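Here's the structure, in structure tokens; my notes come after.
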């Protein structure tokens with residue numbers, strides 16, 4: 035085995051809602067078969083509620099339990115990947131100390147801005163309805179300045195969608211992009227040549243958007 039494969043890469047996922055819970059389910063089994071010694075940390079202060087069940091990776095038996103506890107127990111039997119729960123929300127930069135990769139998948143601007151200020155490799159995943167947005171620590175800073183900020187928390191499901199049974203899957207699309215990014219980023223850290231997904235946004239109903247308008251003349 036390559037000596038770099040013992041690298042105990044530490045990953046943090048902030049937010050275990052539609053995106054974060056789906057991302058966890060995708061990456062943990064995939065990371066296990068890599069043979070690398072890895073740590074996946076889950077951070078979220080919320081408990082599982084009834085209205086989460088339609089689009090988040092939880093069941094009736096998980097109700098009223100902390101989301102991070104449910105997912106960490108579910109993935110507690112792996113040999114190479116250790117899943118660590120943190121039943122709290124991200125509120126200060128010091129909570130990010132020691133992580134190599136940070137994924138933020140929340141609907142609030144403060145945690146996002148804290149992650150964006152981190153020195154770690156980071157990924158920011160967002161969605162609403164069937165729309166999605168992915169930006170990372172390599173994204174041009176002019177683009178980051180052009181992306182509108184939320185003035186309040188925004189659910190990944192449109193208003194009334196859960197009550198009407200009209201679940202949309204932007205969360206699943208961006209979680210898949212995020213999983214691709216995380217797996218390839220881990221490979222890069224461990225000495226492999228891999229290609230990462232880049233800044234992108236789009237809608238499942240209309241396709242990927244042209245992002246050249248963001249950040250001014252980025253291609254000139």
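Residue numbers (our numbering): 35 to 254. Where a beta carbon is used, it is the ideal one built from N, C-alpha and C, also for glycine. In this text the structure is predicted, and so the values were computed from the model without any measurement.
Is residue j closer than 7 Å to residue i when the C-beta atoms are compared?
i           : j           : result
residue 207 : residue 166 : yes
residue 55  : residue 90  : yes
residue 138 : residue 121 : no
residue 119 : residue 93  : no
residue 140 : residue 162 : no
residue 209 : residue 61  : no
residue 105 : residue 76  : yes
residue 101 : residue 78  : yes
residue 85  : residue 224 : no
residue 215 : residue 231 : yes
residue 159 : residue 204 : no
residue 116 : residue 73  : yes
residue 145 : residue 178 : no
Using the rule of at least 16 other Cβ atoms within 10 Å of the residue's Cβ for burial, across every protein chain shown, is residue i buried or exposed?
i           : result
residue 127 : exposed
residue 202 : buried
residue 219 : buried
residue 67  : exposed
residue 240 : exposed
residue 199 : exposed
How is residue i classed by DSSP in three states: helix, strand or coil?
i           : result
residue 75  : strand
residue 229 : coil
residue 212 : helix
residue 180 : helix
residue 201 : coil
residue 191 : coil
residue 239 : coil
residue 82  : coil
residue 165 : strand
residue 46  : strand
residue 171 : coil
residue 68  : coil
residue 246 : coil
residue 220 : helix
Where residue i and residue j are concerned, what is the direct C-alpha to C-alpha distance, given to the nearest angstrom?
i           : j           : result
residue 114 : residue 131 : 22 Å
residue 59  : residue 182 : 29 Å
residue 164 : residue 191 : 8 Å
residue 48  : residue 136 : 8 Å
residue 172 : residue 244 : 18 Å
residue 111 : residue 168 : 31 Å
residue 221 : residue 196 : 37 Å
residue 229 : residue 82  : 35 Å
For a cutoff of 7 Å on Cβ pairs, would you count residue i as touching chain C?
i           : result
residue 179 : Here there is only one protein chain, and chain C is not present.
Practice item. Output the residue ranges of the alpha helix (DSSP H) runs that lie fully inside the stretch 90-161 and measure 4 residues or longer, sorted by chain position. Key: 101-108 and 143-150
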